[in-house]
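Undergrad: Shown below is the structure under consideration.
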Amino acid sequence: MALLEINGLTQRFSGLQALTNFSFSLEERELVGLIGPNGAGKTTAFNVVSGFYVPTEGTIVFDGTPIMGLRPHQVAGLGIARTFQNIRLWNDMPVLDNIRIAQSHWLGYGFWGAVWRSARYRNSEAAVEKKSREVIEMMGLNDVADELPKNLPYGLQRRVELARALSTSPKLLLLDEPAAGLNSADVDGLIKHIRWIHDSFPIAIWMIEHQMKVVMALCRRLCVIDFGRSIADGLPAEVQANPDVIKAYLGDDTL
Ligand SMILES: Nc1ncnc2c1ncn2[C@@H]1O[C@H](COP(=O)(O)OP(=O)(O)OP(=O)(O)O)[C@@H](O)[C@H]1O
Ligand SMILES: [Mg+2]
6 MALLEINGLT QRFSGLQALT NFSFSLEERE LVGLIGPNGA GKTTAFNVVS GFYVPTEGTI
66 VFDGTPIMGL RPHQVAGLGI ARTFQNIRLW NDMPVLDNIR IAQSHWLGYG FWGAVWRSAR
126 YRNSEAAVEK KSREVIEMMG LNDVADELPK NLPYGLQRRV ELARALSTSP KLLLLDEPAA
186 GLNSADVDGL IKHIRWIHDS FPIAIWMIEH QMKVVMALCR RLCVIDFGRS IADGLPAEVQ
246 ANPDVIKAYL GDDTL
């Protein structure tokens with residue numbers, strides 16, 4: 006059984022169809038790229054899978070459970086974590102708290118439960134603290150654990166977001182353009198971190214990325230989406246030579 010099975014997904018917004026009959030499946034521990042021109046529907050696919058949108062049509066089964074219509078924190082609780090194309094950190098909370106709160110907030114203790122320290126939260130607080138410290142250490146963020154994200158360079162903010170997603174011990178990690186806005190040294194660091202995460206944990210990664218250097222370094226399989234439809238899915242070399250893919254990217258210098 007696939008870890009993630011998407012079938013016939015259609016997402017309509019008023020007057021616009023961002024996804025049309027999109028199907029995709031991902032096995033446990035796979036690392037797959039999702040590429041396609043701007044506006045193709047990549048982020049929309051992630052938004053639907055992670056519970057931000059309810060799909061117009063189609064089914065999504067994660068680890069045996071249908072997840073269409075679940076709220077984002079419920080999806081997170083089942084083991085799907087994500088990062089965002091435009092970094093979304095709580096900027097007025099130190100890095101450590103960003104990671105701590107994500108575990109409580111996303112995994113169903115509820116924000117107020119966390120703030121008012123309900124019994125359920127209190128019992129788990131020590132475990133959350135331990136896990137947060139571990140992830141901070143693993144991701145090389147010790148020196149900035151007490152800093153506010155807004156005061157950090159962009160590359161470190163991206164790494165904090167990755168650490169936050171990882172701290173929930175997901176089975177599936179969705180990364181939306183993790184290399185966007187990074188300088189070339191940071192891109193090399195990111196490739197190493199993602200590879201290390203994938204090698205170290207029983208985790209599948211589905212990654213949207215425009216930078217081919219990152220995609221080619223990490224992904225053994227690529228799915229290509231154009232105008233909301235899947236137009237290719239296979240080995241990177243096959244996909245790059247696929248006439249439909251070349252046509253979709255014509256005039257686009259990202260491939
Ligand atoms: N909430 C929304 N309401 C209306 N239209 C939307 C919404 N979200 C996305 N869209 C539209 O859906 C289409 C797909 O957008 P999406 O963000 O999924 O593209 P993308 O492939 O991630 O592009 P990019 O590479 O630029 O990030 C676009 O035309 C976008 O304007
Ligand atoms: Mg996008």
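Residues in the sequence shown are numbered from 6 upward in steps of one, following our numbering. No residue lacks a Cβ here, since even glycine has one placed at the ideal position from N, Cα and C.
(1) Would you give the residue range spanned by the beta strand (DSSP E) that Ile85 belongs to?
(2) Among the candidates Pro60, Gly56, Leu167, whose CA atom is the shortest distance from the CA of Leu14?
(3) Hey, Pro175 and Gly84 are a contact pair by Cβ (cut 8 Å); roughly how many whole angstroms apart?
(4) Sorry if obvious, but does the Cβ on Ile274 come closer than 7 Å to a heavy atom of ligand 2?
(5) Can you check whether the CB of Leu24 is closer than 8 Å to the CB of Ala50?
(6) Could you tell me the distance, in whole angstroms, from the CA atom of Lys155 to the CA atom of Asp148?
(7) Pick out whichever of Ile72, Arg163, Arg105 has its Cα sitting closest to the Cα of Ser129.
(8) So what's Gln16 in DSSP terms, helix, strand or just coil?
(9) Does the Cβ-Cβ distance between Ser172 and Lys136 come in under 8 Å?
(10) For Leu9, count the other beta carbons within 10 Å of its own beta carbon; 16 or more makes it buried, fewer makes it exposed. Which is it?
(11) Answer yes or no: the CB of Gln16 versus the heavy atoms of ligand 2, is any distance below 7 Å?
(12) Looking at Leu146 and Ala168, is the spacing between their C-beta atoms short of 8 Å?
(13) Taking one C-beta from the stretch 240 to 255 and one from the stretch 61 to 70 each time, how about it: are there three or more such pairs within less than 8 Å?
(14) Return helix, strand or coil for Ala107, following the three-state DSSP convention.
(15) Entirely within the stretch 147 to 205 and at least 3 residues each: give me those beta strand (DSSP E) ranges in chain order.
(16) Is Gly44 near ligand 1, judged by its Cβ being under 7 Å from some heavy atom?
(17) Name, in chain order, the residues that DSSP records as bridge partners for Phe57.
TA: So, from the listed chains and residues:
(1) Where Ile85 is concerned, the enclosing beta strand (DSSP E) stretches over 85 to 87.
(2) For Leu14, the nearest C-alpha among the options comes from Pro60.
(3) Confirmed, Cβ separation roughly 5 Å.
(4) In the structure as shown, the chain starts at 6 and stops at 260, and residue 274 therefore has no counterpart that could be examined.
(5) Against a cut-off of 8 Å, the Cβ pair of Leu24 and Ala50 comes out as a contact.
(6) Taking the CA atoms as reference points, Lys155 sits about 15 Å from Asp148.
(7) Comparing Cα-Cα distances from Ser129 to each of Ile72, Arg163, Arg105, the minimum goes to Arg105.
(8) If DSSP states are grouped into helix, strand and coil, Gln16 belongs with the strands.
(9) For the pair Ser172 and Lys136, the CB atoms are nearer than the 8 Å cut-off.
(10) Buried.
(11) For ligand 2, not one heavy atom lies less than 7 Å from the Cβ of Gln16.
(12) With contacts defined as CB atoms closer than 8 Å, Ala168 and Leu146 qualify as a contacting pair.
(13) These segments do not touch.
(14) Reduced to three states, the DSSP call for Ala107 is helix.
(15) Counting only runs of 3 or more residues that sit fully inside the stretch 147 to 205, the beta strand (DSSP E) segments are 177 to 181, in chain order.
(16) Because some heavy atom of ligand 1 lies under 7 Å away, the Cβ of Gly44 counts as near it: yes.
(17) None; Phe57 has no bridge partner.
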